[in-house]
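The structure under discussion appears below in the form of structure tokens.
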Amino acid sequence: MSIKVIIAGFKGKMGSTALEMVKADKDLSLAALLDPFATEESFEGVPVFKNKEDLIGLDADVWVDFTTPKFAYTNTRFALENGFAPVVGTTGFTTEEIEGLTALSVEKKLGGLIAPNFAIGAILLMQFAAQAAKYFPNLEIIELHHDKKKDAPSGTAVKTAELISQTRAALQQGASDEEELMAGARGAEFDGFRIHSVRLPGLVAHQEVIFGAQGEGLTIRHDSYDRVSFMSGVNLGIKEVVKREKLVYGLEHLL
Ligand code: NAP
Numbered sequence: 010m011s012i013k014v015i016i017a018g019f020k021g022k023m024g025s026t027a028l029e030m031v032k033a034d035k036d037l038s039l040a041a042l043l044d045p046f047a048t049e050e051s052f053e054g055v056p057v058f059k060n061k062e063d064l065i066g067l068d069a070d071v072w073v074d075f076t077t078p079k080f081a082y083t084n085t086r087f088a089l090e091n092g093f094a095p096v097v098g099t100t101g102f103t104t105e106e107i108e109g110l111t112a113l114s115v116e117k118k119l120g121g122l123i124a125p126n127f128a129i130g131a132i133l134l135m136q137f138a139a140q141a142a143k144y145f146p147n148l149e150i151i152e153l154h155h156d157k158k159k160d161a162p163s164g165t166a167v168k169t170a171e172l173i174s175q176t177r178a179a180l181q182q183g184a185s186d187e188e189e190l191m192a193g194a195r196g197a198e199f200d201g202f203r204i205h206s207v208r209l210p211g212l213v214a215h216q217e218v219i220f221g222a223q224g225e226g227l228t229i230r231h232d233s234y235d236r237v238s239f240m241s242g243v244n245l246g247i248k249e250v251v252k253r254e255k256l257v258y259g260l261e262h263l264l
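Each residue of the sequence shown is one higher than the last, beginning at 10 in this note's numbering.
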């Protein structure tokens, strides 16, 4: 029996790529599509909904979410409350929101995944960066995305920073008398180091972590040139969440 999937945000860049991925996998099937501004009632035979409340009672297993940071939390809560295991790529969740959703998933005995990045190379970058930070505590994160991205810094940069903080000795970087002559010149501060967000047309999703030490430097970089790079992770997420009873934050927990 195939896993029945709902895609929220199916007209967006990520949602439409996920739609093609689900269509191409015989073990998955589309149960419904959601977009608040949809004008059609069905798409290639799959029902299209404008309001998530109309999905209550639908026969579906997984809720894939590639919408906007503004709606992702309420969408994920809604999915869990209605028996759909969420696989969420939308970014912008707070730690409290993730904790609350994890508790709700346990209460509902539903698996789920919130993944700031579905690309395997990005997961490896995060792990390598956390390892390097043990030896190179001076570092800066530079994330680069297309200019339509709504949130900054990216969810991947935040997750990378959180993982680095678990291994890096506490350190306030930069000169103690450093002065920003233009607001924001030094980027956002996280635990004594900086995160910079670049937004340009032509980019997809890229990140560098630059480490500096006396007389040497190390740069770890990942590039998603095409949104297809995220799809093996989304596919894995869909197939794993239906076997589990607790939501996890980060694809690495399902690998
Ligand atoms: P996008 O092209 O703007 O797509 C978002 C889509 O969601 C749009 O079609 C939008 O419709 C629709 N939408 C907005 N509110 C909705 C709602 N309440 N219910 C259903 N659909 C809704 O953005 P994108 O590039 O696909 O990115 C989507 C999200 O995924 C972003 O948060 C991005 O950071 C994240 N992302 C994650 C990964 C990862 O690996 N985890 C990778 C890339 C991107 P309208 O345009 O009509 O408003």
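Idealized CB from N, CA, C, for every residue including glycine.
Taking 7 Å as the cut-off, is the beta-carbon of residue i closer than that to any non-hydrogen atom of the ligand NAP?
i, result
"MET135", "no"
"LEU43", "yes"
"PHE93", "no"
"ALA192", "no"
"LYS20", "yes"
"PRO125", "yes"
"ALA17", "yes"
"ASN84", "yes"
"LYS157", "yes"
"ALA69", "no"
"PHE239", "yes"
"MET23", "yes"
"PRO162", "no"
"THR111", "no"
"ALA128", "yes"
"ALA214", "yes"
"THR77", "yes"
"THR99", "yes"
"PHE80", "yes"
If I measure Cβ to Cβ from residue i and keep anything under 8 Å in the same chain, skipping five residues before and after, which residues do I get?
i, result
"ALA166", "ILE150, GLU152, ILE204, SER206 and GLN216"
"THR26", "ARG236, VAL237, PHE239 and MET240"
"VAL71", "ILE12, LYS13, VAL14, ILE15, PHE93, ALA94, PRO95, VAL96, ILE247, VAL250 and VAL251"
"SER51", "VAL57"
Please determine, among the options, the residue with the shortest C-alpha to C-alpha distance to residue i.
i, options, result
"ALA47", "LYS59, ALA112 and ASP34", "LYS59"
"THR99", "LEU263, LYS22, GLY226 and GLU50", "LYS22"
"ASP160", "LYS13, THR77, GLU249 and ALA69", "THR77"
"HIS155", "ASP232, LYS61 and SER185", "ASP232"
"ALA69", "ILE16, ALA33, ASP44 and GLU50", "ILE16"
"LEU133", "ASP44, ARG195, ASN147 and LEU172", "LEU172"
"LEU122", "VAL96, GLU29 and LYS252", "VAL96"
"ARG86", "GLY66, GLY109 and THR103", "GLY109"
"GLU32", "TYR258, LEU264, ASN244 and GLY259", "Going by the sequence as given, residue 32 is Lys instead of Glu. That would be ASN244, whose Cα lies nearest to the Cα of LYS32."
"TYR234", "ALA131, VAL57 and LEU89", "ALA131"
"SER185", "ALA192, MET191 and GLY201", "GLY201"
"ILE229", "SER51, GLY196, GLY24 and LEU148", "LEU148"
"GLU106", "PHE127, LYS79 and ILE129", "LYS79"
"LEU263", "ILE129, ALA139, LEU190 and ALA142", "ILE129"
"LEU180", "GLU225, LEU42 and TYR144", "TYR144"
"GLN182", "PHE199, GLU29 and SER38", "PHE199"
"GLU1", "ALA41, GLU49, LYS20 and GLY54", "Outside the displayed span of the chain (10 to 264) sits residue 1, for which this structure offers no information."
"ALA88", "LEU43, THR104, GLU49 and THR103", "LEU43"
Could you check if residue i is buried or exposed, using at least 16 other CB atoms within 10 Å of its CB as the buried criterion?
i, result
"VAL115", "exposed"
"LYS157", "exposed"
"THR169", "buried"
"ILE247", "buried"
"LYS118", "exposed"
"ASP74", "buried"
"GLY120", "buried"
"GLY242", "buried"
By Cβ distance, which residues of its chain are closer than 6 Å to residue i, with the 5 residues on each side in sequence left out?
i, result
"LYS255", "SER114 and VAL115"
"ALA178", "PRO146"
"PRO125", "THR100, GLY164, THR165 and LYS168"
"GLY24", "ILE16, GLY18 and PHE75"
"ASN91", "ILE65"
"LEU37", "SER11, ILE12, VAL14 and VAL31"
Considering only residues of the same chain and omitting the five flanking positions on each side of residue i, which have a CB-CB separation below 7 Å?
i, result
"PRO210", "HIS155 and ASP156"
Flag residue i as yes if its beta-carbon sits less than 8 Å from any beta-carbon of chain C, otherwise no.
i, result
"GLY121", "As a matter of chain content, chain C is missing from the structure shown, which is built from one protein chain."
Open item on the list: For a minimum of 3 consecutive residues, which ranges assigned as the beta strand (DSSP E) are wholly contained in the stretch 93 to 172?
Closed with: Listed in chain order, the complete beta strand (DSSP E) runs (minimum 3 residues) inside the stretch 93 to 172 are 94 to 97, 121 to 123 and 148 to 154.
Open item on the list: Restricting to runs no shorter than 3 residues, where is the beta strand (DSSP E) found entirely within the stretch 16 to 75?
Closed with: 37 to 43, 55 to 58 and 71 to 74
TODO: Counting only runs of 4+ residues fully inside the stretch 172 to 226, write out the alpha helix (DSSP H) ranges in chain order.
DONE: none
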